[in-house]
Amino acid sequence: MTASDPFVVKSRSPSGRVLILTLNRPKALNALSDGLFRQLNAYLAEADDDDTVASIVITGGDKVFAAGADIKELGANTFAAAYSRDALSSWQRVAAIRKPIVAGVAGYALGGGCELAMMADLLVCTPTAVFGLPEINLGVIPGAGGTQRLAHLIGKTRTMDMVLNDRKLSGKEAYDFGLASGLTKEGESVVAAATKVAEQLATKGALALQAGKEAVNACEWKR
Ligand code: CAA
Numbered sequence: 002m003t004a005s006d007p008f009v010v011k012s013r014s015p016s017g018r019v020l021i022l023t024l025n026r027p028k029a030l031n032a033l034s035d036g037l038f039r040q041l042n043a044y045l046a047e048a049d050d051d052d053t054v055a056s057i058v059i060t061g062g063d064k065v066f067a068a069g070a071d072i073k074e075l076g077a078n079t080f081a082a083a084y085s086r087d088a089l090s091s092w093q094r095v096a097a098i099r100k101p102i103v104a105g106v107a108g109y110a111l112g113g114g115c116e117l118a119m120m121a122d123l124l125v126c127t128p129t130a131v132f133g134l135p136e137i138n139l140g141v142i143p144g145a146g147g148t149q150r151l152a153h154l155i156g157k158t159r160t161m162d163m164v165l166n167d168r169k170l171s172g173k174e175a176y177d178f179g180l181a182s183g184l185t186k187e188g189e190s191v192v193a194a195a196t197k198v199a200e201q202l203a204t205k206g207a208l209a210l211q212a213g214k215e216a217v218n219a220c221e222w223k224r
């Protein structure tokens, strides 16, 4: 990868109706740097205003989703500086997108990576994907809403085990516990599987999709 490579690669599904956003920092296991998040948010905002986009896939490709916030950037921040500039507020923009988002997760979805995946509306993963919130080992907590989202999805006890004790979930467990909506079949690419789900969404009415998403998120739910 060179300095000019994008942090997020944009492509379309064969029908042209699904925008596929692929996180692209493979050497850093797609760690979520400020620059990557800026690009992701810009593409998502564009897609929300683009009538040719019906649904969106966010994926890290078939090796790794994201190993969390960029620890090297985090290390350069003091808590006071991060808190006063509301450093994680840009992450919440993903959850405010009105079009449906499908996450495609293979490999690690750790820390902020797990939190990003949970901001999607549907989540497809491989059985061997690894979900975790290891922030406790760094002396911090998942700061982008993941504590609440995970508790809603899989319940308090399992969430406590993950947040306080760094318990990891396999993709298979994530599916069994309700964190994932679908699992890839043997040998199937997670990008293809997530795109297939997003293509199904693209056959539905655009307004009904947006209204359905909004209505579900209007329950006592952390968006
Ligand atoms: N930030 C920045 N760089 C990261 C990274 C991260 N979160 N995770 C991995 N990398 C980098 C490594 O530094 C390494 O780079 P170099 O080759 O330049 O040294 C490269 O990615 C490959 O990583 P490893 O050699 O460690 O790969 P591995 O296969 O041995 O281990 C791993 C993989 C278990 C995921 C391990 O990399 C790891 O534990 N990463 C950190 C996970 C983590 O703690 N995530 C939470 C971040 S905090 C957060 O997300 C806060 C929040 O709530 C917003």
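Position 150 (the sequence shown) corresponds to 151 in our numbering; numbering is contiguous.
Note that beta-carbon positions come from the ideal geometry of N, C-alpha and C, so glycine has one too.
If you draw a 10 Å sphere on the C-beta of Arg26, you find 16 or more other C-beta atoms in it, and that means buried. Taking a cut-off of 8 Å on C-beta distances, the stretch 77 to 87 does not touch the stretch 37 to 50, as fewer than three cross pairs fall below it. Gly206 has its Cβ no nearer than 7 Å to any heavy atom of the ligand CAA. Assignment of Leu139 by DSSP, reduced to helix, strand and coil, places it in the helix class. Annotation for Lys169: Val131, Phe132 and Gly133 place their beta carbon closer than 7 Å to its own, counting only its chain and skipping 5 residues before and after. Taking a C-beta distance under 8 Å as the contact criterion, Tyr109 and Ala145 do not qualify as a contact pair. If the five residues before and after Asp63 are omitted, its C-beta is found closer than 7 Å to the C-beta atoms of Ala107, Ser190, Val191 and Val192, all from its own chain and listed in chain order. Collapsing the DSSP output to three states places Ser190 in coil. Using a Cβ distance threshold of 8 Å, Arg99 and Lys214 count as a contacting pair.
Taken in chain order, the complete beta strand (DSSP E) segments of 3 or more residues contained in the stretch 34 to 73 are 56 to 60.
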